[in-house]
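One structure is given here, and the rest of the page talks about it.
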Amino acid sequence: MTTHRFKTLLLAGVLAPATLLVTGCQTTSETRTIDATGPQALNTSNINSQDWANAADQLVGSLLSGGALDKAPVQPAVLAVDRIINNTQLNIDTDLLIKKIRVALSQTGKVAVTNTMGLGERAVVASEAAELDEMTTGKKAKVIVPNFTLYGKLIQQTDRSNGVTQNTYSFQMSLVNVKNGLTVWEDERQIAKQTKKSTVGW
Amino acid sequence: MKTSRHLIAGPVLTAGLLALLPGCATNVNTVERAQSQATPHYVSDKRVVTDNTLARTIRVNSINQATVSGELLKIQAEVENLKSDLRSVRYKFEWIDRDGMAVNSPTDGWKILNFSGRETLRISTVATSPAAVDFVLKFSELK
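Chains as they are written, first to last, in our numbering: chain A, 175 to 376; chain B, 53 to 195.
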């Protein structure tokens with residue numbers, strides 16, 4: 175083998191893998207539609223769509239199993255959604271939890287959610303419509319006092335040990351009887367997520 | 053001498069391995085009332101297995117039902133990890149109404165179930181619609 179031929183082979187041997195590496199770095203974006211709560215949903219250290227659905231399912235199941243809503247003087251019980259305090263480090267819209275709970279409770283037929291008070295949903299148009307109705311009919315709109323208020327709190331606790339970070343999210347919820355201020359149901363569900371950082375990388 | 057060394061090495065190695073085994077196990081021991089006071093309403097079920105590996109990993113021992121808040125169906129399944137180590141699977145409940153139509157809920161979706169070795173867990177859910185009369189419980193491997 176001549177020296178020239180050897181150099182050519184050597185160059186080819188170096189260039190071929192390098193070319194492969196360069197093309198390997200090229201990324202093409204690919205988007206696919208998935209089920210938000212399905213197996214393909216991304217699992218991160220934050221609260222994902224599966225976690226919201228899971229927390230809502232467990233809290234609704236607990237509330238319905240507890241039977242507190244059945245003791246309302248009227249059926250369906252009138253519910254006002256109170257504050258949901260977000261004490262996590264995440265900038266999240268608490269409606270991701272509350273809306274699921276509202277919809278699920280409404281589906282049961284056991285609850286009618288009032289929009290005239292509480293922070294669950296802004297009812298600007300409904301208020302304006304009520305005012306207009308008052309003006310045209312001369313009759314004061316009848317506001318139904320809720321039987322219960324629902325309030326909750328989201329808490330995040332972060333623990334670290336041996337390169338593993340654990341975020342424990344607590345979903346706390348309470349149902350209060352407005353007549354006497356007594357808590358008639360409350361529950362807490364937790365979702366813990368562990369993340370191990372890769373030791374390889376720069 | 054060589055033979056006697058072999059004779060000693062065998063039991064020592066076996067003892068060492070046996071000593072290590074309990075350390076690796078994550079199995080769960082349980083104690084419960086000998087004569088159960090509960091009278092669950094068991095549901096006879098029909099099973100379709102398309103993943104044999106999963107079927108060898110977890111087993112549904114029983115399914116029972118109750119009604120809560122008057123007319124809402126509550127389903128509970130007792131699920132057992134057949135393996136002697138930590139296992140995780142996904143599960144999902146689906147609801148069907150009297151006409152065979154799916155009843156959707158915003159709280160539907162796959163959920164994760166984490167087992168210790170040979171542990172038995174109970175998973176439950178409540179139908180959010182009084183129209184729900186039947187259910188389908190699905191399991192999937194967690195990849």
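Positions of the beta carbon are idealized from the N, C-alpha and C atoms, including for glycine.
No experiment lies behind these values; they were computed from the predicted model shown.
Check, Outcome
"Test: A:Asp-231 CB closer than 9 Å to a CB of chain B", "yes"
"Buried or exposed (CB count within 10 angstroms, at least 16 for buried), A:Leu-264", "exposed"
"Exposure of A:Ala-366, with buried meaning 16 or more beta-carbon neighbours within 10 Å", "exposed"
"For A:Glu-302, the three-state DSSP class (helix, strand or coil)", "helix"
"Classification of A:Ala-278 by the beta-carbon crowding that lies within 10 angstroms, buried from 16 upward", "buried"
"Spatial distance of A:Asn-228 from A:Lys-314 (CA atoms)", "42 Å"
"Proximal residues to B:Ile-164 (C-beta, below 7 Å), its chain only, five neighbours per side dropped", "Ser-140, Arg-142 and Leu-194"
"Cβ contact check for the region 146-164 of chain B and the region 90-105 of chain B: 3 or more pairs under 8 Å", "no"
"Collapsed DSSP secondary structure at B:Pro-74 in the structure displayed", "For B:Pro-74, the pLDDT reaches just 48, beneath the cut-off of 50, and the residue's location in the model is therefore unreliable, leaving the point undetermined."
"Cα-Cα separation between B:Val-185 and A:Thr-282, rounded to whole angstroms", "13 Å"
"Cβ neighbours of B:Phe-167 in the same chain (closer than 6 Å, five flanking residues each side left out)", "Asn-133 and Arg-139"
"Complete beta strand (DSSP E) runs within the region 85-145 of chain B (minimum length 3 residues, chain order)", "110-120 and 124-133"
"Neighbourhood of B:Ser-176 by C-beta, 7 Å cutoff - its chain only, sequence neighbours within 5 removed", "Lys-126, Ile-127 and Gln-128"
"Short Cβ contact (9 Å threshold) for A:Leu-360 with A:Gln-340", "Here residue 360 of chain A is Glu; the residue named in the question, Leu, does not match the sequence. Contact: no."
"Identity of the residue in A:Pro-250, A:Gly-241 and A:Gln-232 nearest A:Ile-275 by Cα", "A:Gln-232"
"Any chain B beta carbon closer than 9 Å to A:Leu-150", "For residue 150 of chain A there is no data in the structure shown, the boundaries of chain A being 175 and 376."
"Buried versus exposed call for A:Ile-259 [16 or more other C-beta atoms within 10 Å across all chains shown]", "exposed"
"Residue-chain proximity (B:Leu-189, chain A), Cβ-Cβ < 9 Å", "no"
"Short-range partners of chain A found in the region 174-186 of chain B, where Cβ spacing is below 8 Å", "Ser-176, Thr-177, Val-178, Thr-180, Ser-181 and Pro-182"
"Boundaries of the beta strand (DSSP E) in which A:Trp-359 is found, first to last residue", "357-370"
"Secondary structure of A:Ile-272, DSSP reduced to three states", "helix"
"The region 153-176 of chain B: positions lying closer than 8 Å to chain A by Cβ", "Ser-157, Pro-158, Thr-159, Asp-160, Gly-161, Trp-162, Lys-163, Ile-164 and Ser-176"
"Unbroken alpha helix (DSSP H) run spanning A:Ala-210, endpoints", "Neither: A:Ala-210 is in no alpha helix (DSSP H) and is coded neither H nor E."
"Positions along the region 111-143 of chain B whose CB lies within less than 8 Å of some CB in chain A", "Val-120, Ser-121, Gly-122, Leu-124, Lys-126 and Arg-142"
"7 Å Cβ shell around B:Gly-75 - same chain, five flanking residues per side excluded", "Low local confidence applies: a pLDDT of 49 at B:Gly-75 is under 50, so the model's placement there is unreliable, with the coordinate-based value given in what follows. Excluding sequence neighbours, B:Gly-75 sits near nothing in its chain."
"Opposing strand residues paired with A:Met-347 [DSSP bridges]", "A:Gly-326 and A:Asp-361"
"As assigned by DSSP and simplified to three states, the class of A:Gly-294", "Its pLDDT being 47, under 50, A:Gly-294 is placed unreliably in this model, and the coordinates cannot settle the point."
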